[in-house]
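Undergrad: Residue numbers (our numbering): 5 to 132.
We put the beta carbon where it would ideally sit given N, CA and C, even for glycine.
Take this structure, written in structure tokens, and hold onto it; I'll ask about it next.
Okay, here's the thing in structure tokens:
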């Protein structure tokens, strides 16, 4: 068994696509209309056939409560691995990304947390 799709609940799929593609650098994989919403996935440019990130609408009432509780408590919804966290932090800051935690050593990793503009906190992590 392996992970093929994982999702992030977003408040606006078009805004999320712009952020995750143009700011973070993920590559669009599938964009399939489904009524009001879309099956909208992206992949890492380094692994185009790897795990797909689904930008899933937060249309279910429980989704908004869940997202708000995590964000209020400062809990990232997911974590993305990076090779050089300081370079990524500098690049994303220059692109206007708002960090809630700068790169911080946490045992065998260094982590940073930012707001994805779609209702979530996202962590980036570099293993030492």
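Are the stretch 87-105 and the stretch 51-63 touching, with three or more C-beta to C-beta distances below 8 angstroms?
TA: Flag = no, the stretch 87-105 and the stretch 51-63 do not touch.
Undergrad: Among 91, 128, 132 and 96, which residue has its Cα nearest to the Cα of residue 111?
TA: Translated into positions along the chain shown, residue 111 becomes position 107. Checking every option, the nearest Cα to that of residue 111 belongs to 132.
Undergrad: Between which two residues does the alpha helix (DSSP H) harbouring residue 57 extend?
TA: Along the chain shown, read from residue 1 onward, the residue named residue 57 stands at position 53. Looking at the DSSP string, residue 57 is not in any alpha helix (DSSP H); the run it does join, the beta strand (DSSP E), is 56-61.
Undergrad: Cα-Cα, which of 55, 31 and 30 is closest to residue 7?
TA: What you label residue 7 is simply residue 3 of the chain shown in a count that begins at 1. Nearest option by C-alpha distance: 55.
Undergrad: In three-state terms, what does DSSP make of residue 113?
TA: Position 109 of the chain shown, counted from the start, is the residue given in the question as residue 113. In the structure shown, residue 113 sits in a strand (DSSP, three-state: E or B).
Undergrad: Are residue 122 and residue 20 touching if we call contact CB-CB under 8 angstroms?
TA: On the chain shown, position 118 is the one that residue 122 refers to. On the chain shown, position 16 is the one that residue 20 refers to. Yes; because the gap between Cβ atoms is below 8 angstroms, this pair is in contact.
Undergrad: If you drop the 5 nearest sequence neighbours on each side, which residues of the same chain put their C-beta closer than 8 angstroms to that of residue 106?
TA: Position 102 of the chain shown, counted from the first residue, corresponds to residue 106. 93 and 116, listed in sequence order.
Undergrad: Using only alpha-carbon positions, find the residue among 79, 38, 11 and 29 that is nearest to residue 3.
TA: Residue 3 falls outside the range modelled here, since the chain spans only 5 to 132, and no answer is possible.
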